[in-house]
Amino acid sequence: MQESSQNRLREEAGKLLSAAAVEVVVGYGDGHGGDGVRPLFARTPDEAAGLVWNDACVHNLATYLSREPCRQILLRGGKVGIVAKGCDARALVVLLQEGQIARESVHVIGMVCDGVLDPGAAVSGGTAGSSGAVLPKCRQCEVQTPPLYDTLVGDPAGAAAAEGDPLEDVKDLQSMSLEERWSFWTGHLARCIKCYACRQACPMCYCATCITEKSEPQWIDKPSHLKGALAYHLIRAMHLAGRCVSCGECGRACPMDIPVDKISRYLAGQVEEAFDYKAGMDPEATPAFRTYREDDPEDFIR
Amino acid sequence: MVSKSDLSSVIARAVSAGYEVYAPGKRNGKVYLEKADDGASPELDHVITVNGVKDILLPRCEPLADFNLTDVSIESIDAPAAGRVLLATRPCDAASLVILDAILLDPARDTRYARMREETVVVTVACSRADAACFCTSMGYGPHDETGSDVILLPAGDSYLVRPLTEKGKAFIGEVGLEADAGGEPDSPPQLTRTVRTEGLKAWLDENFESEKWRDVSINCIGCGACYYLCPTCHCFDITDEAGVARGRRYRIWDCCSFADFTKMAGHQPRVGRHARYRQRIMHKFKYTVDNVNLTACVGDGRCIRHCPVGVDIGEILESLPEGGAARRGGPEPGSREG
Amino acid sequence: MDENLVPRIVRVEEIREETPDTRSLKLVFEDADFQKSFEFRPGQFCLISVFGMGESTFCISSPPGRKDFIEVSVKNVGKVTSAIHDLEVGARLGFRGPYGNNFDLEKMEGRNVVFVGGGIGLAPLRPPIYEVLERRDRYKDVYIIYGARSVLDVAFKQDLDEWGKRGDVKLVTAVDPGGEDESWKGEVGLVPHVLEKVNPPPDSVLVTCGPPIMIKYVILSARKMGFVPADVITTLEMKMKCGAGLCGRCNIGSKYVCRDGPVFSLEEVESLPDEF
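Heads up: the sequence lines are chains A, B and C, in that order. According to the working numbering, the first sequence is numbered sequentially starting from 1. According to the working numbering, the second sequence is numbered sequentially starting from 1001. According to the working numbering, the third sequence is numbered sequentially starting from 2001.
Below you can see the structure in the form of structure tokens.
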């Protein structure tokens, strides 16, 4: 099934590029030496033939829309094609809602997806659905068919979500005592080197000048001591509340294996509980923190 | 000779001799170079630690001085004087210190780095295996290379042959009760699967600052600092103050030419765009350091390749730059506005 | 050189408001013995700390012959410089330096020297001007061409007066068109045009500092007039932190502005990549 999806994807991307309907298709290609996959920018039909689709396609490519070269193309009114799984398309929805992309300037090739493999976990073969080594976010996935697409590749009927609770690892944390949780996070964040891989991998972190880069005043301590790391991660979490689509890329990108995605995924769960809102599911919905309802919960305001 | 299991007693003896010992330890399934206490047993089965020896000698957050804002005085915080041992480092990491020395000790002398360097003994464990990212041999080093080490421990079955290489190394093995092995047959070094061809690279870099290829090779890069901060030879730093009302502290912290802030001045940004900043990385390592101190600032440890979240592969890039022909995929038209 | 990155304490002895956004500070080292022995060469720079805010780079703009103080001139453009603009006499700051290379005044002996400055760019020119005037007989004709945006923006009025009164200096001051008032007696015109009007001989050494755009057009004019690139000298500026060639930040190509500069000849500048 994945192979026919791959062929269909290549065909579709090739058609878009031949017709000059888009200037580039951002998708996945083979990693160096055929090892794994990595983002691929296809600018010609020939290059589109190198696009791949398999259960190693973990990257959220939406982050590239606010970076070069896509940013330049979009700024001057050009059009970009992008390959998106459901979680990636959720990010596209948020970018749309926040006015970062115009609907007509992005051609979304939505991929029906039944899960991508956890790059950190051992791979024992078989499809993602059966090995059980998918990323936690793929369990009970509600967006196997992306919530936004121009072209859909894959059969929605054929996809089966992995079993389990996508927030299981986060709930484990929640069940710890406050001291245990503090110890968990300070233990992990002691390794933070402030490389900002988490921020750069995140499609929602598109600020031209990040708050960490503001110097008058220096809101966030620059050093990577614990205080500086905590300040950065907590501020980022607050800036993502109501916007994070739980794609988990931040945690995957971290070179020091700090599970930073747990922070934002936890907050996303809190936003859902309090406001019955999940970011990026519905392009027509108004984001939770851009609206006010008279019956909004106030139990956390003391 | 010293058996693998005996290395923990080497640590214990070094600690009681007053050294701070840094050795590979496992954390969350990955191996990091970290402070080893008395009783610690070093990881020895890994290819390479996530972080390098740079963490210890050029710390990512180093206090320089405390200042008082009421009477405006400043008090230097000295670099730690205690001797330290970097135990079971890899040959590539030891070699990186020679490159850092060339940059940080002459002509200007970074006194903090110099002091820590003088008080540090580098005890390398030569490699028994390599992975797909290793390319030390292409950079002129190798799995059993001795550059930068004070002592090298060469694998021989379940033990290591002990070879001191410097006076410091000889003194150290005496202190921890080891004896030098004059003879003995070490295991063969592992074969690396990856080679990176660098012929023609320097000449190409000398002439092609403006090439469109820079946009092409940096296209996947998302602009984080992971490869820079994990790289054993990246040394760039920032100096920053943190202050309350009455007191404050000045730190030296890692900084990275990938960030826009690195060169941004009031009203002027000389390196506009991802490609310009990625170009600086390659140029600094493979041209500028060669021009200035006759060394390439890369030891082929492969950390940048292993940890890049988006598959930017420096070996692939270095080989593709001098290749004939235009950029593989045309970049945006020259002159387009960039941030 | 011993680089421990920790500054010495200096005290602000005097503040001179040059223009609405530029002030000069007269600084004296807390350590009186150090002050007496402190030396710098014209062209060198320093890093001044406002503790708690950070450090900024400034050229040392006092006459190198004066051993009792040093001077820096500060334009209000950012975090640290605006803090400096809030200081009063008696304030204590940090000082690191001197760093960098220097103007090669010996090489200029026996030749005409043309100093061309704009705005606060006169600050880095003051040390070489003072040194040249101190040994005036070693040089042929000395020109000082200085321009500011408007009458209000003319800096170092005291120096300009002194130099103007000397009989052995061709001093020409100018303001940009529109920047004059009824009392202005100098030229009206952009500095590159004034340079062309003054028309010094092209076999002179030309030394220029000022806003990047002014330098760009002064260099164009100088080339047009036939000046030799090796004899056109300027200073380059990049963001700096350590000042000593350690932190890897201020390079243009293989050259570190803090160590191989900030003084460069046009010949050297043209061999650098377009990254500044």
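All residues carry an ideal CB built from backbone N, CA and C; glycine is no exception. Predicted model only: the values in this text are computed from it and were never measured.
| Check | Outcome |
| --- | --- |
| Separation of Thr-212(A) from Ala-1260(B), as counted between CA atoms | 12 Å |
| Chain C within 8 Å of Gly-1248(B), Cβ atoms only | yes |
| C-beta atoms of Thr-1289(B) and Ile-1103(B) nearer than 8 Å | yes |
| Reduced DSSP secondary structure (H/G/I, E/B, other) of Asp-2153(C) | helix |
| Segment limits, beta strand (DSSP E) that includes Gly-2094(C) | 2092-2099 |
| Nearest-angstrom Cα separation, counted from Cys-113(A) out to Lys-85(A) | 6 Å |
| Same chain, Cβ closer than 8 Å to Pro-2177(C), five either side skipped, listed in chain order | Val-2188, Gly-2189, Leu-2190 |
| Assigned secondary structure, Val-1015(B) (DSSP; H/G/I helix, E/B strand, else coil) | helix |
| Listed by chain order, chain B residues near Met-281(A) by CB distance under 7 Å | What Met-281(A) touches in chain B: nothing, since even the nearest Cβ is about 25 Å away. |
| Amino acids of chain A, ordered along the chain, whose beta-carbon sits closer than 9 Å to that of Asp-1313(B) | Gly-31, His-32, Gly-33, Arg-38 |
| Cβ shell of Ile-258(A) (< 7 Å), same chain only, five flanking positions each side left out | His-188, Leu-189, Arg-191, Cys-192 |
| Under 9 Å by beta carbon: chain A residues contacting Lys-2075(C) | None at all; the shortest Cβ gap to chain A is about 16 Å. |
| Proximity to Leu-1971(C) [Cα-Cα], best of Ala-1082(B), Val-1072(B), Ala-1226(B), Pro-1091(B) | Coverage of chain C is limited to positions 2001 through 2276, which leaves residue 1971(C) absent and any answer about it impossible. |
| Near-chain A residues of the segment 2216-2245 of chain C (beta-carbon distance less than 8 Å), N- to C-terminal order | none |
| Minimum Cβ-Cβ distance from Ser-224(A) to chain C less than 8 Å | no |
| Own chain residues within Cβ distance below 8 Å of Val-1002(B), not counting five before or after | Val-1010, Leu-1153, Ser-1159, Tyr-1160, Val-1162, Leu-1178 |
| Minimum Cβ-Cβ distance from Ser-177(A) to chain C less than 8 Å | no |
| Chain C contact residues for Glu-216(A), given Cβ-Cβ distances below 9 Å | Gly-2078, Lys-2079, Ser-2082 |
| Per-residue contacts from Met-1116(B) into chain C (C-beta, under 8 Å) | By Cβ distance, chain C contributes nothing, its closest Cβ being about 13 Å from Met-1116(B), past 8 Å. |
| Contact with chain B by Tyr-196(A), beta-carbon distance below 8 Å | yes |
| Beta-bridge pairing of Phe-1067(B) - partner residues as DSSP gives them | Ile-1074(B), Gly-1248(B) |
| Chain C within 8 Å of Ser-1076(B), Cβ atoms only | yes |
| Pro-1270(B): contacting residues in chain C (beta-carbon distance under 7 Å) | Met-2238, Glu-2275, Phe-2276 |
| Same chain only: Cβ atoms within 8 Å of Glu-272(A), ignoring 5 sequence neighbours per side | Lys-278 |
| Glu-1210(B): CB within 7 Å of a non-hydrogen atom of the ligand FAD | Among the components of this structure there are no ligands whatsoever, and the ligand FAD is therefore not found. |
| Any chain B beta carbon closer than 8 Å to Met-256(A) | yes |
| Contacts around Pro-39(A), its chain only, beta-carbon distance under 8 Å, and the 5 residues preceding and following it disregarded | Val-26, Gly-27, Tyr-28, Gly-29, His-59, Leu-61, Tyr-64 |
| Nearest-angstrom Cα separation, counted from Gly-1273(B) out to Ser-1336(B) | At Ser-1336(B) the pLDDT is 36, less than 50, meaning the model places this residue with poor confidence; the figure from the coordinates comes in the next sentence. Cα to Cα, the separation comes out at about 10 Å. |
| Residue-chain proximity (Gly-1302(B), chain A), Cβ-Cβ < 8 Å | no |
| Three-way DSSP call (helix, strand, coil) for Thr-44(A) in this model | coil |
| Under the three-state DSSP convention, the category Leu-2105(C) falls into | coil |
| Interface residues of the segment 1008-1037 of chain B facing chain A [CB-CB below 9 Å] | Arg-1027, Asn-1028, Gly-1029, Lys-1030, Tyr-1032 |
| Neighbour-count burial assignment, His-225(A), 16 or more Cβ in a 10 Å radius | buried |
| Where Pro-297(A) falls, given that 16 or more other Cβ within 10 Å makes a residue buried | exposed |
| Sub-8 Å separation of Val-1310(B) and Ile-1222(B) beta-carbons | yes |
| Top-ranked residue by Cα proximity to Ser-105(A), from Leu-178(A), Cys-195(A), Gly-78(A), Leu-267(A) | Gly-78(A) |
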